[in-house]
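As structure tokens, the structure follows; a few thoughts come after it.
Residue numbers (this note's numbering): -5 to 133.
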């Protein structure tokens, strides 16, 4: 919870305030915590969030690099995830204007139609929260 204070964490965990500070410093030093950043609810700001699931017709490292390179040039592409299973790639796209997604997706399909076997577009209603810290770290 982003509004939880270190004092509250200290009370809930039974550890002293100094111990909590020390643990956080160690987590930063060990690069377990790399940064703190807000996770905003884009829906409240009118931001459209879509995920494109892509399946390649055949995998080729060079073409994959070109496709992901193309995606990296688009500021509205906020993440690219390579996965195993039914799909090969997930592209996460966020924009204030729906038309930007339409333009991006049209360009993507035109440039890479020979390697895209299948795709699925999903509208995202809420963002995921990623936890990288082991649940028993403060035990």
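Using N, Cα and C, we set each Cβ at its ideal position, and we do this for glycine too.
Return the CA-CA distance between residue i and residue j, expressed in angstroms with no decimal places.
i, j, result
"residue 108", "residue 85", "18 Å"
"residue 67", "residue 92", "18 Å"
"residue 79", "residue 26", "28 Å"
"residue 103", "residue -2", "44 Å"
"residue 70", "residue 56", "23 Å"
"residue 28", "residue 19", "11 Å"
"residue 111", "residue 51", "4 Å"
"residue 24", "residue 17", "10 Å"
"residue 139", "residue 30", "Within the shown structure, residues of the chain are numbered from -5 to 133, placing residue 139 beyond reach of any answer."
"residue 134", "residue 97", "For residue 134 there is no data in the structure shown, the boundaries of the chain being -5 and 133."
"residue 47", "residue 63", "17 Å"
For residue i, which residues of its own chain have a beta-carbon under 7 Å away from its beta-carbon, when the five flanking residues on both sides are left out?
i, result
"residue 95", "42, 44, 87, 89"
"residue 4", "10, 11, 14"
"residue 65", "71, 74, 85"
Identify, in the order they occur along the chain, each residue of the same chain with its Cβ nearer than 6 Å to the Cβ of residue i, setting aside the five sequence neighbours on each side.
i, result
"residue 116", "45"
"residue 106", "61"
Looking at the secondary structure, which residues open and close the beta strand (DSSP E) in which residue i lies?
i, result
"residue 116", "110 to 117"
Go ahead and pull the three-state DSSP assignment for residue i.
i, result
"residue 41", "coil"
"residue 97", "helix"
"residue 46", "strand"
"residue 12", "helix"
"residue 104", "helix"
"residue 29", "coil"
So residue i is in the alpha helix (DSSP H); what residue range does that whole segment cover?
i, result
"residue 0", "0 to 7"
Beta carbon of residue i: closer than 7 Å to some heavy atom of the ligand SAH?
i, result
"residue 105", "Looking at this structure, you won't find the ligand SAH or any other ligand, since it has none at all."
Might you give, ordered along the chain, the residues of its own chain that have their beta carbon closer than 8 Å to the beta carbon of residue i, omitting 5 neighbours on each side?
i, result
"residue 1", "11"
Within the region 48 to 92, ranges of the beta strand (DSSP E) (whole runs, at least 3 residues) = As far as the region 48 to 92 is concerned, its whole beta strand (DSSP E) runs of at least 3 residues are 71 to 76, 83 to 89.
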